Amino acid sequence: MALSLALRDGDAADIETPLLGVLLPAGTELPPALRALDERLGGAIRRTLDRGDFRGVRDESLHLDGGSSRAGRVLLIGIGTPTELPAALRRGASLLGRKAHGMGVGTLAVVAPGTDADAAEAIAIGLNLGAWEYLDLKTPPPEAERKKPLTKATIVVGDAKVSKDALARGEAIAAGYELSRRLAQMPGNVCTPDLLAKTATDIGRRHKLKVTVLGRREMERQKMGSFLCVAQGTDQDPKLVTMEYRKGKRGDAPIVLVGKGLCFDTGGISIKPADRMEFMKFDMCGAAGVLGAMEAIARLKLKVNVVGIFGATTNMPSGNAVKPGDVVISHLGKSIEIINTDAEGRLVLADLLSYARRFKPAAVIDAATLTGACVIALGHTATGVLGTDQALVDEVITAARRATEPGWQLPLWDEYKELIKSDVADMKNSGGRAGGTISAAMFLKEFAEEYPWVHLDIAGTAYSESDLVAIPRGPTGVPTGTFVEFVRGRAG
Ligand code: BES
Ligand code: MN
Ligand code: ZN
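First residue of the sequence shown? That's 28 in this note's numbering, and the numbers climb one at a time after it.
Dropping the structure here:
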């Protein structure tokens, strides 16, 4: 559930709230805007700064009693020495939102340095990110033990003139993240291709987008042998979903966002080891990013043409499943030798990318939890970025940075094509372990014809198996923000 947010001007010392969050940069200076508050706390903030009990380093936090202020408690949160203030505020607000949610205070106020429109937007996003939790499948605890979820927050803007539009923008993006993370956190037996398609239809109905859904039969007619061979091992109907948002100029070529939507990836006949296989429910985070971004873009009412496309299915072993050595013919007509049925994402994306040509795109960006090799190369900090058009690669990396979802480019040179040569078909679906992220992208490149294209490998960044401090383990929402910022950057 999204937070209800409000702006308030005036002094932080005068605000009645069970919890006042104070976002503080590194240093020992007491910001002038906090002087009155500090006085009401009997000088407690100044003393903690003087003693070095609190230094304002990133992710540091310290509880203080509200003293004679109108706040029940005060929580200092460090934001470090920010190079980009909105990004630092977003993270600080996320940590605050997470802590407030855990405390069960229900509502809070937050004060931060330099709260302009961009800062207010970032804080709105951060609070929502931090307070998010997926509780649908847990029995609620008895009334007496229930903690109040964080439902309301007030952002104190001091004397700055910040309009409610900034908040609305933050809330629109937060809603996109929320949808994306919610879908990702759902187990594979709840988040099915059917549910993803229904979610797209629902967005279409609420925001007047044209949504089309192709099932197995329709994809057979489109000769999508690459996508379909992945879906061969499951009775679930696979879905190819397109969502058309057209608020730009008539006739302007659209931006096309493409997502991998594997509701679960067992590996198929080339089955994965049992240990930690449960995390493969997150193999639909590319598709969740497309859905979250379309929701946010529609709420932002961006004046731009965008088409979202995703392919949803489940990679299962069965008596009918595709097997190593099989050769399939893709929608584009190129033949593919299946070496490893666990390299299924590229098979789905191949047909999506050639299907995208029908929209005559200005640019295509795909996002996929595509390779374990990307996690080895870049860890959980950066998304792998590869593409056919350097200007577009640069534009995507800039957008990703703005969204605090950093990306790092890997090469896509012709030399690497050697890795996917097949003895019997036009190419094979696995290039082996060395350069695994690059050979996967080289495979995709074979199908990304007729438009500038960038691929995002989000295998290491879409979810976390361990706690991330400002958010708990689980889905991060990547690549929702990158998609939104890219589209925002292009909107007139
Ligand atoms: N979904 C996986 C990639 C993945 C791995 C995502 C770890 C998130 C975390 C993908 O379908 C896959 O299995 N890729 C194989 C490719 C290989 C068989 C060429 C891989 O990375 O091992
Ligand atoms: Mn796989
Ligand atoms: Zn996969």
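A virtual CB, placed ideally from N, CA and C, is assigned to each residue, including glycine. All values reported here derive from a predicted model rather than from experimental measurement.
Three-state secondary structure assigned by DSSP to residue i
i      : result
Ser466 : helix
Lys330 : coil
Lys308 : helix
Glu445 : helix
Asp92  : strand
Cys401 : helix
Pro113 : helix
Pro220 : helix
Tyr490 : strand
Arg243 : helix
Lys225 : helix
Glu512 : helix
Lys287 : strand
Gly99  : strand
Gln249 : coil
Lys472 : helix
Arg125 : helix
Phe337 : strand
Pro506 : coil
Lys266 : strand
Ile42  : coil
Asp302 : coil
Ile498 : coil
Gly185 : strand
Val317 : helix
Asp393 : strand
Reference residue i; option with closest CA among the options
i      : options                        : result
Asp353 : Val84, Leu255, Ser31           : Leu255
Glu205 : Arg232, Ile152, Tyr272, Thr341 : Ile152
Leu267 : Ala314, Thr110, Lys188         : Ala314
Asp22  : Ile365, Ala29, Gly141, Gly83   : The structure shown does not extend to residue 22, since the chain is modelled only from 28 through 519, so no value can be given for it.
Leu30  : Phe337, Ala202, Gly99, Asp65   : Ala202
Gly335 : Pro344, Gly316, Gly131, Pro169 : Gly316
Asp229 : Val138, Met321, Leu289         : Met321
Gly197 : Val238, Leu116, Gly129, Lys276 : Leu116
Pro214 : Gln249, Glu305, Asn155         : Glu305
Phe510 : Phe474, Ser381, Ala325         : Ala325
Asp145 : Met343, Ala427, Pro113         : Pro113
Leu177 : Tyr490, Gly360, Ala120, Lys191 : Ala120
Ala147 : Ser96, Leu50, Lys174           : Leu50
Glu172 : Gly434, Ile182, Met130         : Met130
Leu241 : Arg303, Gly48, Arg515, Lys250  : Lys250
Arg78  : Leu437, Lys126, Glu56, Asp221  : Glu56
Thr425 : Arg517, Glu442, Leu91          : Arg517
Thr464 : Ala199, Lys126, Arg373, Thr408 : Arg373
His358 : Arg384, Gly346, Asp264, Thr341 : Arg384
Arg85  : Tyr272, Ala71, Gly105, Gly70   : Gly105
Gly414 : Glu476, Lys387, Asp378         : Glu476
Val557 : Leu318, Gly278, Asp302         : Outside the modelled stretch of the chain, which goes from 28 to 519, sits residue 557, for which no answer is possible.
Thr410 : Asp416, Leu437, Glu422         : Leu437
Gly338 : Ala224, Tyr490, Lys330, Ala40  : Ala224
Own chain partners of residue i with C-beta closer than 7 Å, once the 5 adjacent residues on each side are dropped
i      : result
Ala486 : Thr396, Leu397, Thr398, Gly399, Cys401, Val402
Tyr161 : Arg209, Gln212
Gly93  : Gly99, Arg100, Val101
Asp279 : Asn332
Which residues DSSP lists as bridging residue i, in chain order
i      : result
Glu364 : Val354, Lys455
Asn342 : Asp292
Lys237 : Glu271
Gly414 : Val481
Ala180 : Leu32, Leu135
Gly48  : Leu102, Val137
Lys175 : Val132
Val349 : For Val349, which the question treats as bridged, DSSP gives no partner whatsoever.
Trp435 : Gly411
Ile150 : Answer by DSSP bridge pairing: none, since Ile150 is not bridged.
Spatial neighbours of residue i in its chain, beta-carbon cut-off 6 Å, leaving aside the 5 residues before and after
i      : result
Gly294 : Asp369
Ile356 : Gly252, Ser362
Phe81  : Thr75, Leu89, Leu103
Pro506 : Gly316, Ala394, Leu483, Ile485
Thr239 : Thr269
Ala390 : Ile282, Leu419, Pro479
Lys455 : Glu364, Ile366, Ile447, Ser449
Thr181 : Ala33, Arg35, Ala136
Residues near residue i by beta carbon distance below 8 Å, same chain, minus five either side
i      : result
Ala348 : Gln259, Gly260, Gly295, Ile296, Thr368
Lys299 : Asp292, Thr293, Met307, Asp369
Pro167 : Arg173
Pro58  : Leu51, Pro140
*Would you mind listing the alpha helix (DSSP H) stretches within the segment 191 to 221 that are 4+ residues and don't spill past its ends, in chain order?*
191 to 212
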